[in-house]
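Sequential numbering of the sequence shown, starting at 367, is according to the numbering used here. Right, one structure below, let's go through it.
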Amino acid sequence: MISCRVAILVFSILFLQFCNNKKEEQKTNLNSTEPKLKDFLFVGMIKDKAGLYKYEFDKKSFKLWWSDEKEEVVELSYSEKNRNVFFITSKNFGMAGAFPFINNIKLYLINPKTGRVNFIEKIGNGLQVFTQWADENDFKIIINSFDKTVANYVNHRKILYNIYGKRLEDITQTFDITKQGYPHLSQKKINYFSPKQKYSIESRGDDSIGVYLIEDGKGELIYKSDQQIKQIEWENEFLFLSTVKIKPINEDLNAKDPEISKLIIYSLEQKDILKIWGGGGVKNFFVAGDLLIFDNGFGNDSHIAIYDLKYKKIYDEIRIKHGCGLKNIPNSSF
367 MISCRVAILV
377 FSILFLQFCN
387 NKKEEQKTNL
397 NSTEPKLKDF
407 LFVGMIKDKA
417 GLYKYEFDKK
427 SFKLWWSDEK
437 EEVVELSYSE
447 KNRNVFFITS
457 KNFGMAGAFP
467 FINNIKLYLI
477 NPKTGRVNFI
487 EKIGNGLQVF
497 TQWADENDFK
507 IIINSFDKTV
517 ANYVNHRKIL
527 YNIYGKRLED
537 ITQTFDITKQ
547 GYPHLSQKKI
557 NYFSPKQKYS
567 IESRGDDSIG
577 VYLIEDGKGE
587 LIYKSDQQIK
597 QIEWENEFLF
607 LSTVKIKPIN
617 EDLNAKDPEI
627 SKLIIYSLEQ
637 KDILKIWGGG
647 GVKNFFVAGD
657 LLIFDNGFGN
667 DSHIAIYDLK
677 YKKIYDEIRI
687 KHGCGLKNIP
697 NSSF
């Protein structure tokens with residue numbers, strides 16, 4: 367009887383130790399720098415055309431993922447939560463005199479479950495093309511093109527798709543550029559408020575813009591700049607904020623170290639800037655677990671950096687001949 371009780375006691379102790387070990391193991395996994403995403407796609411040059419590469423976190427390596435000899439990637443567009451992905455391609459684009467052009471625009475969808483690329487449809491030709499996510503489930507393409515009948519008219523076309531690539535809406539507005547001016551893209555939605563509405567961001571001023579963190583109705587200056595807010599993300603105790611010069615002058619672009627954009631990591635607990643990157647590029651970014659992924663630089667010098675938030679150092683860098691970026695290959699004509 368006693369030996370039976372001893373056996374039960376020993377078993378109980380071993381079971382509790384096992385449970386505690388499992389809890390410690392779970393804590394270690396939760397606090398590790400291993401990101402939630404296993405990989406991500408980005409745009410990079412393949413010979414003389416832009417295609418798609420895939421980066422794998424565990425291997426710290428990347429490989430060619432999609433390319434086409436007759437067309438190149440113009441823009442890769444992830445939804446806000448990185449669940450859905452579209453990309454657009456073109457046969458050729460550039461400048462014709464004083465005006466931009468982009469021809470043979472095509473839309474593709476990447477199936478989030480299988481990873482396969484599905485061709486959706488041909489969009490046509492235009493002056494410029496832009497993409498936007500209206501929300502997590504609705505994707506929008508905006509294309510400006512000259513009217514074929516009246517020389518000073520520009521057609522501003524908006525096409526809305528669901529996440530399966532089905533066209534939901536197709537609306538065209540015509541602008542008389544001599545009276546109404548050139549149609550511009552509506553500003554992308556910026557996350558000025560934190561998820562639980564505890565904090566918000568305000569920008570004040572015209573030439574010199576002050577960026578303020580608002581908490582309980584009180585504003586605290588984060589920094590001052592001549593650049594405008596481009597993107598804001600809130601993750602746990604961090605605020606991530608990028609800014610960019612909307613109309614940089616030639617001296618800025620041609621400088622050896624152009625000050626065109628900034629990316630800031632701000633601690634909501636310490637109320638202090640932890641890290642700041644400046645220089646060229648537009649600083650597109652997203653957060654995956656304890657890693658911040660962003661692009662930096664222009665053209666041949668453009669690259670992608672992966673920063674470890676826990677250890678406060680660069681986790682890895684992606685550099686490809688002739689440049690790379692998260693959405694496209696950034697250039698000084700943005």
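Ideal placement from N, C-alpha and C gives every residue a C-beta, glycine not left out. Here the structure is a predicted model, which is why all the values come from computation and not from measurement.
Distance between beta carbons of residue j and residue i, contact taken as under 8 angstroms
i	j	result
Asn491	Asn469	5 angstroms
Asp592	Lys562	Not quite, the Cβ-Cβ distance comes to about 32 angstroms (not below 8 angstroms), so this is no contact.
Thr497	Ile507	6 angstroms
Ser668	Gly647	6 angstroms
Lys590	Ser574	6 angstroms
Asn650	Gly691	7 angstroms
Pro567	Ile598	With the sequence shown as reference, residue 567 is identified as Ile, and Pro is not the correct amino acid for it. The pair is a contact, with the Cβ atoms about 6 angstroms apart (cut-off 8 angstroms).
Trp600	Asn557	6 angstroms
C-beta contact flag for residue i and residue j at 8 angstroms
i	j	result
Tyr421	Asp434	no
Phe428	Glu441	no
Glu603	Glu581	no
Pro478	Arg523	no
Ile670	Tyr632	no
Ile486	Leu475	yes
Lys489	Val520	Checking the sequence shown, residue 489 turns out to be Ile, not Lys. Their beta carbons are not under 8 angstroms apart, which means Ile489 does not touch Val520 by this criterion.
Glu535	Ser445	no
Leu418	Leu403	no
Pro549	Phe541	yes
Ile642	Ile630	yes
Met411	Ile684	no
Thr609	Lys628	yes
Val495	Ile529	no
Phe652	Asn697	no
Local Cβ density within 10 Å of residue i, reported as buried at 16 or more and exposed below that
i	result
Lys584	exposed
Ala517	exposed
Leu640	exposed
Val372	With a pLDDT of 36 at Val372, under the threshold of 50, the predicted position of this residue should be treated as unreliable, though the coordinate-derived value follows. With fewer than 16 Cβ atoms within 10 Å of its Cβ, Val372 is classed as exposed.
Asn620	Bear in mind that a pLDDT of 49 at Asn620, under 50, signals an unreliable position, so the model cannot answer this.
Lys596	buried
Ser552	exposed
Asn666	exposed
Asn694	buried
Ile680	exposed
Tyr527	buried
Leu605	buried
Glu438	buried
Thr538	exposed
Problem set entry | Minimum length 4: unbroken alpha helix (DSSP H) runs contained in the region 589-614 | Runs of the alpha helix (DSSP H) inside the region 589-614: none found.
Exercise. With a cut-off of 8 angstroms, do at least 3 Cβ pairs link the region 652-662 to the region 670-685?
Worked result: Enough Cβ pairs lie closer than 8 angstroms, so yes.
Exercise. Do three or more CB pairs link the region 422-430 to the region 448-466 at distances below 8 angstroms?
Worked result: Contact between the region 422-430 and the region 448-466 is absent, because fewer than three Cβ pairs lie under 8 angstroms.
Problem set entry | beta strand (DSSP E) runs contained entirely in the region 634-673, provided each spans 3 or more residues | If we require 3 residues or more, the beta strand (DSSP E) runs fully inside the region 634-673 come out as 638-643, 651-654 and 657-662.
For this session: Could you pull out every unbroken beta strand (DSSP E) segment of at least 3 residues lying fully inside the region 457-496, listed in chain order?
Result: Runs of the beta strand (DSSP E) inside the region 457-496: 458-462, 465-476 and 483-492.
Exercise. Can you list the beta strand (DSSP E) stretches of 3 or more residues lying completely in the region 398-442, in chain order?
Worked result: Listed in chain order, they are 405-412, 415-422 and 427-432.
For this session: Kindly provide the ranges of any beta strand (DSSP E) runs that are 3 or more residues long and lie completely inside the region 516-592, ordered along the chain.
Result: List check, beta strand (DSSP E) in window: 519-528, 533-542, 565-570, 575-581 and 584-591.
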